[in-house]
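Given below as structure tokens:
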């Protein structure tokens, strides 16, 4: 899975603060597939770099940094220590503010935090309560790739995430755009996805760490809150909303694979929110790419998820109450058994769809369309138009239509 493209300013000398926004695609791959990628000819045009990296994440006991969308880590790379502060921006896992500084010692140097997302949180109480809460230990193979003039660093990470006695495996493919066109990173991602099954990963290592220490069960995930800042352009507002819905969709993959009916429901909710956003912002579109994305989203909802959910709702909402009210009704057992069989088949189909190459391709297609699609090139007038003006126009039109229809209210019968 990948966590979108984020641009990064050109690196300066390591003793200086490095600020910018990461531009990165991240995929979850099986360990055996990581080894296949290491042997892929496409990644051996330049010699790879092997590193053992340990990253220790710091926060307060009540996770105040995480609650404010900030992460703080110290990375150990041999004798070097690199302090990194990241902020969750409007792009969520796709676009993050990043501040890096080489430090001495194994604990954060908070004197180097001014001007970062951490600075507003640094009260005396918080400074005293910061402590290591989890760590990642990975073996990273870094391979520089040049594509159409763009410079992309491919990282193959294999290792573990640890928090006390708790642990989780890490097996990831990352593509970081160092210089050039974001579209080239997507092209390389597609080439590598043809070699191995690669699943778009929208959670950062930090988020996975917090899930681990908070013992979050694997269950259905509801939509997150979407925040739009005043003055955000209409095009960027759409991207922020669409990224959130994409995150909502992918967050429920595991629940769907476990035949959790609520997980199927939440994934459908995410799909409907995305399709509703495309409809709401329809003035931005009108191109063939968008139509194809809409068609594929419709396939996922109606062809992949609806059979399982519809049968589940029918069984629980209609058949089960009837069975409790009249358990001795003739044919009730046969009906229940038949529906159970069809429901199981529906969930098996949903699981197969989530594990299919078409689904993985849909996620990558959607993200690429969202970030560098044709619609963004043709929607110039929306690049600078504030979202306030766009929404005011929509509300004005809909209010006018509602008022016009309300005048006919007395002409209607009760139904």
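In my numbering, the protein residues as written are 243 to 657. Heads up, the beta-carbon is just placed ideally off N, CA and C, and yes, glycines get one too. Please read all numbers here as calculations on a predicted model, not as lab measurements.
Only counting the same chain, and skipping five residues up and downstream in sequence, which positions put a Cβ closer than 8 Å to that of residue i?
i: residue 496; result: 460, 505
i: residue 433; result: 284
i: residue 599; result: 439
i: residue 271; result: 279, 413, 414, 415, 438, 439, 440, 441
i: residue 585; result: 550, 553, 554, 557
Just confirm the distance between the C-beta atoms of residue i and residue j, as a whole number of angstroms; I'd bet it's less than 8 Å.
i: residue 519; j: residue 480; result: 6 Å
i: residue 264; j: residue 340; result: 5 Å
i: residue 309; j: residue 326; result: Rounded, the Cβ-Cβ distance is 19 Å, inconsistent with contact.
Under 6 Å Cβ to Cβ from residue i, same chain only, skipping five residues before and after it: list those, please.
i: residue 517; result: 539
i: residue 258; result: The predicted position of residue 258 is uncertain, since its pLDDT is 49 and thus under 50; a value taken from the coordinates is nonetheless stated next. Result list for residue 258: empty, nothing under 6 Å.
i: residue 543; result: 510, 513
i: residue 487; result: 512, 515, 516
i: residue 294; result: 381
i: residue 493; result: 463
i: residue 628; result: 473
i: residue 428; result: 610
Output the distance between the C-alpha atoms of residue i and residue j, rounded to the nearest integer angstrom.
i: residue 323; j: residue 296; result: 10 Å
i: residue 595; j: residue 367; result: 49 Å
i: residue 552; j: residue 330; result: 36 Å
i: residue 683; j: residue 400; result: Examination of residue 683 is not possible in this model, given that the chain is present from 243 through 657 alone.
i: residue 409; j: residue 534; result: 41 Å
i: residue 503; j: residue 465; result: 16 Å
i: residue 404; j: residue 413; result: 14 Å
i: residue 641; j: residue 549; result: 36 Å
i: residue 569; j: residue 597; result: 39 Å
i: residue 557; j: residue 639; result: 41 Å
i: residue 280; j: residue 398; result: 8 Å
i: residue 587; j: residue 500; result: 13 Å
i: residue 363; j: residue 311; result: 11 Å
i: residue 622; j: residue 435; result: 32 Å
i: residue 468; j: residue 485; result: 10 Å
i: residue 347; j: residue 320; result: 12 Å
i: residue 470; j: residue 625; result: 15 Å
i: residue 318; j: residue 402; result: 15 Å
i: residue 268; j: residue 606; result: 11 Å
i: residue 536; j: residue 426; result: 24 Å
i: residue 250; j: residue 418; result: Any reading at residue 250 must be qualified, since the residue scores a pLDDT of 40, below 50, and its modelled position is unreliable; the value itself is stated next. About 9 Å.
i: residue 526; j: residue 619; result: 10 Å
i: residue 654; j: residue 521; result: 29 Å
i: residue 287; j: residue 580; result: 57 Å
Suppose the cutoff is 7 Å on Cβ atoms and the five residues either side in sequence are ignored; what does the same chain contact list for residue i look like?
i: residue 547; result: 506, 509, 510, 592
i: residue 209; result: Beyond the ends of the chain as shown, which are 243 and 657, falls residue 209; an answer cannot be given.
i: residue 255; result: Per-residue confidence for residue 255 stands at a pLDDT of 39, beneath the threshold of 50, marking its modelled position as unreliable; the derived number appears in the next sentence. For residue 255, where only same-chain residues beyond five positions count, there are no Cβ hits under 7 Å.
i: residue 454; result: 376, 403, 405, 408, 410
i: residue 578; result: 561, 565
Would residue i count as contacting chain C if we go by Cβ distances under 7 Å?
i: residue 288; result: This model lacks chain C altogether; it includes just one protein chain.
What runs of the alpha helix (DSSP H), each 4 residues or longer, lie entirely inside the region 307–356?
As far as the region 307–356 is concerned, it has no whole alpha helix (DSSP H) run of at least 4 residues.
Where in the region 265–292 do unbroken runs of the alpha helix (DSSP H), each at least 4 residues long, occur, reported from the N-terminal end onward?
Within the region 265–292, the complete alpha helix (DSSP H) runs of at least 4 residues are 273–280.
4 or more residues per run - each alpha helix (DSSP H) lying fully within the region 426–480
Counting only runs of 4 or more residues that sit fully inside the region 426–480, the alpha helix (DSSP H) segments are 447–455, in chain order.
Return the chain-ordered ranges of every alpha helix (DSSP H) run that is complete within the region 487–514 and spans a minimum of 4 residues.
For the region 487–514, whole alpha helix (DSSP H) runs of length 4 or above, ordered along the chain, are 495–499.
Please confirm if the region 627–635 is in contact with the region 472–486, defined as three or more CB-CB distances below 8 Å between the two stretches.
Touching, yes, given that three or more Cβ pairs across the two stretches are closer than 8 Å.
If we count Cβ pairs, one from each stretch, closer than 8 Å, do we get three or more for the region 368–379 versus the region 297–306?
Cβ pair count under 8 Å is three or more, so yes.
Three or more C-beta pairs below 8 Å linking the region 353–362 and the region 381–398
Short answer: they don't touch.
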